[in-house]
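Structure, as structure tokens:
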Amino acid sequence: MPASPSPQSLLQVRDLSCERDGRRLFAGLGFELAAGGALQVEGSNGAGKTTLLRTLIGSAPDFAGQILWNGEPLPGALSQLRESLLYIGHRAGVRGGLTPLENLAWYGADREASHRALEQLDLYGFEDTLCQQLSAGQNRRVALARLFLPAAPRLWVLDEPLAALDLAGVSCLQGQMACHLSRGGSILFTSHQPVALARLQRIDLADYAVAEESAGGEHALG
Amino acid sequence: MPSVEVPLLSGRNAPGFGALLKTELLLALRKRADIANPLLFFVTVLALLPLGVGPEPELLARMAPGIIWVMALLATLLSQESLFRGDFEDGTLEQMTLSPQPLYFAVLAKSAVHWLVTGLPLALLSPLLGLMLNLPAAGYLCLFVSLLLGSASLSLMGAVGAALTVALRRPGLLLALIVMPLYAPVLIFGTGAVQAAIDGYAYGAQLAILAALLAAAAALAPLAAAGAIRISTDS
Amino acid sequence: MEVSLAWQWFHRLGSPRWFYQKTGAWLPWLALASMVLLTVGTAWGLGFAPQDAKQGNSYRIIYIHVPAAFLALAGYYIMAISGAIGLIWKMKLSFAVMRAAAPIGAVLTFVALFTGAIWGKPTWGTYWVWDARITSMLILLFLYIGVIALGRAFSREQAADKACALLALVGTVNIPIIYKSVDWWYSLHQPATIKLTQASSIHPSMFYPLLTMVIGFYCLYAWTLIAHTRILVLQREWRTQWVREALEAGK
Numbered sequence: 001m002p003a004s005p006s007p008q009s010l011l012q013v014r015d016l017s018c019e020r021d022g023r024r025l026f027a028g029l030g031f032e033l034a035a036g037g038a039l040q041v042e043g044s045n046g047a048g049k050t051t052l053l054r055t056l057i058g059s060a061p062d063f064a065g066q067i068l069w070n071g072e073p074l075p076g077a078l079s080q081l082r083e084s085l086l087y088i089g090h091r092a093g094v095r096g097g098l099t100p101l102e103n104l105a106w107y108g109a110d111r112e113a114s115h116r117a118l119e120q121l122d123l124y125g126f127e128d129t130l131c132q133q134l135s136a137g138q139n140r141r142v143a144l145a146r147l148f149l150p151a152a153p154r155l156w157v158l159d160e161p162l163a164a165l166d167l168a169g170v171s172c173l174q175g176q177m178a179c180h181l182s183r184g185g186s187i188l189f190t191s192h193q194p195v196a197l198a199r200l201q202r203i204d205l206a207d208y209a210v211a212e213e214s215a216g217g218e219h220a221l222g
Numbered sequence: 001m002p003s004v005e006v007p008l009l010s011g012r013n014a015p016g017f018g019a020l021l022k023t024e025l026l027l028a029l030r031k032r033a034d035i036a037n038p039l040l041f042f043v044t045v046l047a048l049l050p051l052g053v054g055p056e057p058e059l060l061a062r063m064a065p066g067i068i069w070v071m072a073l074l075a076t077l078l079s080q081e082s083l084f085r086g087d088f089e090d091g092t093l094e095q096m097t098l099s100p101q102p103l104y105f106a107v108l109a110k111s112a113v114h115w116l117v118t119g120l121p122l123a124l125l126s127p128l129l130g131l132m133l134n135l136p137a138a139g140y141l142c143l144f145v146s147l148l149l150g151s152a153s154l155s156l157m158g159a160v161g162a163a164l165t166v167a168l169r170r171p172g173l174l175l176a177l178i179v180m181p182l183y184a185p186v187l188i189f190g191t192g193a194v195q196a197a198i199d200g201y202a203y204g205a206q207l208a209i210l211a212a213l214l215a216a217a218a219a220l221a222p223l224a225a226a227g228a229i230r231i232s233t234d235s
Numbered sequence: 001m002e003v004s005l006a007w008q009w010f011h012r013l014g015s016p017r018w019f020y021q022k023t024g025a026w027l028p029w030l031a032l033a034s035m036v037l038l039t040v041g042t043a044w045g046l047g048f049a050p051q052d053a054k055q056g057n058s059y060r061i062i063y064i065h066v067p068a069a070f071l072a073l074a075g076y077y078i079m080a081i082s083g084a085i086g087l088i089w090k091m092k093l094s095f096a097v098m099r100a101a102a103p104i105g106a107v108l109t110f111v112a113l114f115t116g117a118i119w120g121k122p123t124w125g126t127y128w129v130w131d132a133r134i135t136s137m138l139i140l141l142f143l144y145i146g147v148i149a150l151g152r153a154f155s156r157e158q159a160a161d162k163a164c165a166l167l168a169l170v171g172t173v174n175i176p177i178i179y180k181s182v183d184w185w186y187s188l189h190q191p192a193t194i195k196l197t198q199a200s201s202i203h204p205s206m207f208y209p210l211l212t213m214v215i216g217f218y219c220l221y222a223w224t225l226i227a228h229t230r231i232l233v234l235q236r237e238w239r240t241q242w243v244r245e246a247l248e249a250g251k
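Protein chains in written order, with the numbering used here: chain A, 1 to 222; chain B, 1 to 235; chain C, 1 to 251.
Printed below as a string of structure tokens:
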């Protein structure tokens, strides 16, 4: 483990452990995510993949260990992290009462870019339909359209991005992810399905699982 | 897939407050039923009142300020529960917590729109209800102004309760229970102002206190609601 | 040196295990103190203190009503402060104290309301009177019930703790506003009536039994709060080794 993050390293995690409802999900987790790199988090259901992602973006604020963004530790550097963050979780973040164009506008996209992005995701002709009238798969694609906008934040954190996509959608998304990596972005994601990307790190949370608490787990704080 | 060489944006494009307000208003106006329901409730239950207490004009006139205010309060409470629920379920609330813009503004925008589609129509409807309850002439203007100011406070404070209960599967009456003690001072001063107007006294002080409560609510309630949203989305 | 010792104590205070083991010894003493004080105070107040000039014997209910009302309000602040400490310093123990204080405070508020009603009957002729004090107490009861209900509604303990702490703090900010506005409301609708305590003009022979009861109630509160917190600590730390050992040893 290098003592200080390498110059290109965006996100560095050391000895991270997370607890939820008194159960320790994982401990001793460490990795480094550099610009242009991708990291896939694997693990069975309930292993803590989503919790890990949410901890890294600061939504689940209780953790032990160190998370560094550009060399600065969280939670101090949280606002900088969030400036460069694009997060798509289980729930899409698509508002049913708005059209796809309006949804993307809320995320800061201009009309032309939105049109092109929606077209790439096979939503041409649906740009002005209310999202609540679209199918679940289409809604998912509207959410993913954020990834196809030209000005994209540096760090993508995606929770099961390939879910609910057909083969065409999967290859389209994989292509965009590769594109993002090639221009220096980073991707941190979970996926049950295999994803074909160059420079892909893999982490299995099972390697960091903690056995059922048998030793005294007394904490002085929290 | 062509690889487009564009420089990465270092900062995210967060919607400004005006854009937030516009989007919320757009969403609210598309849900016509949600706007009409509280108003219908308001009028319907008010029509039940004389059936319950008798039609004597003097009795109704004496009760009018309090009854109209309580009904307005209940109608606001009715629509409060859905303030964050839709956004919670589709993941937008979570996205708001990740935005570089402080959550305070998103909550403020939502509360402002809630007031525009709930509190403002109630205040506009209140003279009609005053008429139905034989409210003395001196009370109408004060009723309208006090409801205008008070309902804005109610919207803001209700947002705190809505944020605390948004993650619960069946919050039921919990929202009402939480928010009721917060509503009490607004109710007291609102009806106090109208009563003073009817009795011929000056009511400026009561309205000033309502305005002060509104200012305090606008400053503090969105902060509390933002904290509650973060707690609720961490589930 | 002083500062670091104080911090050390503060951090150890956050340890549920340390709390549980230390307070085990305190409980019997607190129980004894509260029993003694309450018995003495009750007998004194109900039996030996002189009759009131205006109200005769019925005023004696204040020996229960006043301490209960006092502690109901103080208890809310204790609950809110514990919640704040839990939020700021992330102490699980502080959250346990907060959750323990809620039902105790609610019961005390109820006792205050109930004794207020008993007091109302011979004095004003009705069991319930909407005076400023009673109405504020009623709203305080709703504040307590809100915290209790909110805590039980969350399935995750951590989220429940934080939500209750937030609600308790919101209530704290509102309590002065509520009390003041209810006072003002009452002054509009009724002339000034008998206050429940006229602290400055209360006769010493009535004051001392009241003081005894107040201190007795404080001891009772401390006893029940610590006992309830201990139970909650055991429930929350059930997975740890020391709890299993403590339960096996039958402590």
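Beta carbons: idealized from backbone N, C-alpha and C, even for Gly.
Computed from a predicted model, the values in this text were never measured in an experiment.
Exercise. What's the C-alpha gap between tyrosine 183/B and tryptophan 185/C?
Worked result: As a working mapping, residue 183/B is identified with position 183 in the second sequence. As a working mapping, residue 185/C is identified with position 185 in the third sequence. Rounded to the nearest angstrom, the two C-alpha atoms are 14 Å apart.
Problem set entry | Partner residues on chain B for glutamate 72/A, Cβ-Cβ distance less than 7 Å | Start at 1 with the first residue of the first sequence, and residue 72/A comes out as number 72. Correct list: empty, because the minimum Cβ distance to chain B is about 15 Å.
Exercise. Mind checking alanine 17/B: buried by the 16 CB within 10 Å criterion, or exposed?
Worked result: In the second sequence, counting from the first residue as 1, residue 17/B sits at position 17. The sequence given here places phenylalanine at residue 17/B; alanine does not occur at that position. Its Cβ having fewer than 16 others within 10 Å, phenylalanine 17/B is exposed.
Exercise. Using CA coordinates, which residue listed in Gly89/A, Gly169/A, Leu68/A is at the minimum distance from aspartate 15/A?
Worked result: Walking along the first sequence from the start, residue 15/A turns up at place 15. Comparing Cα positions, the closest option is Leu68/A.
Exercise. So, helix, strand or coil for valine 129/C, using DSSP?
Worked result: Stepping through the third sequence from its first residue, residue 129/C is reached at position 129. The answer is coil: DSSP assigns valine 129/C none of H, G, I, E or B.
Problem set entry | Selected residue, minimal CA-CA separation from serine 114/A, among Arg95/A, Cys172/A, Ala143/A | Taking the first residue of the first sequence as position 1, residue 114/A is located at position 114. Of the candidates Arg95/A, Cys172/A, Ala143/A, the one whose C-alpha sits nearest the C-alpha of serine 114/A is Ala143/A.
Exercise. Listing by chain order, which chain B residues have their CB less than 8 Å from the CB of leucine 143/C?
Worked result: Here the question's residue 143/C lines up with position 143 in the third sequence. Under the 8 Å cutoff, chain B gives Pro181.
Exercise. For glycine 28/A, which three-state DSSP category applies?
Worked result: For the purposes of this step, residue 28/A is taken as the residue at position 28 of the first sequence. Residue state, collapsed to three classes: strand.
For this session: Please list the residues of the segment 55-70 of chain A that have a C-beta atom closer than 7 Å to any C-beta atom in chain B, keeping them in chain order.
Result: Ile57, Ser59, Ala60
Exercise. Quick one: what's tyrosine 87/A bridged to in DSSP?
Worked result: Counting from one through the first sequence, the residue named residue 87/A turns up at place 87. Tyrosine 87/A is bridged to Val157/A.
Exercise. Within this structure, are the beta carbons of leucine 123/A and proline 150/A separated by less than 9 Å?
Worked result: Position 123 of the first sequence holds residue 123/A. Position 150 of the first sequence holds residue 150/A. For leucine 123/A and proline 150/A, no; Cβs fall outside 9 Å.
Exercise. Can you tell which of Asn134/B, Thr165/B, Gly139/B, Leu116/B has the C-alpha that lies nearest to the C-alpha of serine 151/B?
Worked result: Within the second sequence, residue 151/B is the residue found at index 151, counting from 1. Minimum Cα distance to serine 151/B is reached at Leu116/B.
Exercise. Leaving out five residues before and five after threonine 50/A in sequence, what residues of the same chain have Cβ atoms less than 8 Å from its Cβ?
Worked result: As a first step, residue 50/A must be located in the first sequence, where it is residue number 50. For threonine 50/A, where only same-chain residues beyond five positions count, the Cβ hits under 8 Å are Gly89, His90, Asp159, Thr190.
Problem set entry | tyrosine 107/B and alanine 226/B closer than 9 Å at C-beta | In the second sequence, residue 107/B corresponds to position 107, counting from 1. In the second sequence, residue 226/B corresponds to position 226, counting from 1. Per the sequence presented here, residue 107/B reads as valine, with tyrosine not at that position. Their beta carbons are under 9 Å apart, which means valine 107/B touches alanine 226/B by this criterion.
Exercise. To which residues of the same chain is leucine 188/A closer than 8 Å at the C-beta, ignoring the five residues directly before and after it?
Worked result: Mapped onto the first sequence, residue 188/A falls at position 188. Closer than 8 Å at Cβ, skipping near neighbours: Leu11, Leu33, Ala38, Leu39, Val41, Leu53, Leu56, Leu155, Trp156, Val157, Leu158.
For this session: Tell me whether leucine 73/C sits in a helix, a strand or coil according to DSSP, three-state version.
Result: Numbered from its first residue, the third sequence carries residue 73/C at position 73. Here leucine 73/C sits in helix by DSSP.
For this session: Using a Cβ-Cβ cut-off of less than 7 Å, give me the residues of the segment 94-105 of chain C that come near chain B, in sequence order.
Result: none
For this session: Would you kindly report the start and end of the unbroken beta strand (DSSP E) that includes phenylalanine 189/A?
Result: To locate residue 189/A, count along the first sequence from 1; it is residue 189. Looking at the DSSP string, the run of the beta strand (DSSP E) that includes phenylalanine 189/A is 186-190.
Exercise. Using DSSP with H/G/I as helix, E/B as strand and the rest coil, what is phenylalanine 126/A?
Worked result: Indexing the first sequence from 1 puts residue 126/A at position 126. The answer is coil: DSSP assigns phenylalanine 126/A none of H, G, I, E or B.
Exercise. If you drop the 5 nearest sequence neighbours on each side, which residues of the same chain put their C-beta closer than 7 Å to that of tryptophan 242/C?
Worked result: Taking the first residue of the third sequence as position 1, residue 242/C is located at position 242. Excluding positions up to five away in sequence, the list reads Arg17.
Exercise. Using CA coordinates, which residue listed in Cys219/C, Thr135/C, Tyr221/C is at the minimum distance from isoleucine 188/B?
Worked result: On the second sequence, position 188 is the one that residue 188/B refers to. Checked all of Cys219/C, Thr135/C, Tyr221/C; the closest Cα to isoleucine 188/B is Thr135/C.
Problem set entry | Residues bridged to aspartate 207/A [DSSP beta-bridge criterion] | Counting from 1 along the first sequence, the entry for residue 207/A is found at position 207. Aspartate 207/A pairs with nothing; no bridge assigned.
Exercise. Are the C-beta of glycine 22/A and some C-beta of chain C separated by less than 9 Å?
Worked result: Taking the first residue of the first sequence as position 1, residue 22/A is located at position 22. Yes, because at least one Cβ of chain C sits closer than 9 Å to the Cβ of glycine 22/A.
For this session: Measure from the alpha carbon of leucine 197/A to the alpha carbon of each residue in Gly185/A, Glu112/A, Gln174/A, then state which is nearest.
Result: In the first sequence, counting from the first residue as 1, residue 197/A sits at position 197. If we check each option's Cα against that of leucine 197/A, Gln174/A comes out closest.
Exercise. Cα separation between leucine 135/B and aspartate 21/A?
Worked result: Numbered from its first residue, the second sequence carries residue 135/B at position 135. Numbered from its first residue, the first sequence carries residue 21/A at position 21. Spanning the two alpha carbons is a distance of roughly 56 Å.
Exercise. Roughly how many angstroms lie between the CA atoms of serine 17/A and glycine 91/B, to the nearest whole one?
Worked result: Numbered from 1 along the first sequence, position 17 holds the residue referred to as residue 17/A. Numbered from 1 along the second sequence, position 91 holds the residue referred to as residue 91/B. Approximately 26 Å, taken between the alpha carbons.
Exercise. Using a C-beta cutoff of 9 Å, does valine 113/B count as contacting chain C?
Worked result: For the purposes of this step, residue 113/B is taken as residue 113 along the second sequence, with counting starting at 1. Taking Cβ atoms only, chain C never reaches closer than 9 Å to valine 113/B, which makes this a no.
Problem set entry | Alpha-carbon spacing of glutamate 58/B relative to threonine 115/C, whole angstroms | Stepping through the second sequence from its first residue, residue 58/B is reached at position 58. Stepping through the third sequence from its first residue, residue 115/C is reached at position 115. So the two alpha carbons sit approximately 36 Å from each other.
Exercise. Whose C-beta lies closer than 6 Å to the C-beta of valine 113/B among residues of the same chain, with five residues either side of it excluded?
Worked result: As a first step, residue 113/B must be located in the second sequence, where it is residue number 113. These residues qualify, in order along the chain: Glu24, Leu25, Ala28.
For this session: Please determine, among Tyr77/C, Leu46/C, Ile139/C, Ala168/C, the residue with the shortest C-alpha to C-alpha distance to lysine 180/C.
Result: Position 180 of the third sequence holds residue 180/C. It is Ile139/C whose Cα lies nearest to the Cα of lysine 180/C.
Problem set entry | Cα-Cα separation between glycine 30/A and alanine 159/C, rounded to whole angstroms | By 1-based counting over the first sequence, the position of residue 30/A is 30. By 1-based counting over the third sequence, the position of residue 159/C is 159. Cα to Cα, glycine 30/A sits roughly 27 Å from alanine 159/C.
Exercise. Would you call alanine 167/B buried or exposed, if buried means 16 or more other Cβ atoms sit within 10 Å of its Cβ?
Worked result: Locating residue 167/B in the second sequence gives position 167, counting from the first residue. It counts as buried.
Exercise. Under 9 Å between C-beta atoms, does glutamate 81/B make it to chain A?
Worked result: If you number the second sequence from 1, residue 81/B lands on position 81. Taking Cβ atoms only, chain A never reaches closer than 9 Å to glutamate 81/B, which makes this a no.
For this session: Whole angstroms is fine: what's the gap from alanine 208/B's alpha carbon to alanine 216/B's?
Result: To locate residue 208/B, count along the second sequence from 1; it is residue 208. To locate residue 216/B, count along the second sequence from 1; it is residue 216. Whole-angstrom Cα-Cα distance: 12 Å.
Exercise. Using the C-alpha atoms, what's the distance from alanine 84/C back to threonine 172/C?
Worked result: Against the third sequence, residue 172/C aligns to sequence position 172. Against the third sequence, residue 84/C aligns to sequence position 84. Cα-Cα distance, rounded: 11 Å.
For this session: Classify asparagine 103/A as buried or exposed, calling it buried when 16 or more other Cβ atoms lie within 10 Å of its own Cβ.
Result: Here residue 103/A refers to the residue found at position 103 when the first sequence is read from its first residue. Looking at its Cβ environment, which holds 16 or more other Cβ atoms inside 10 Å, asparagine 103/A is buried.
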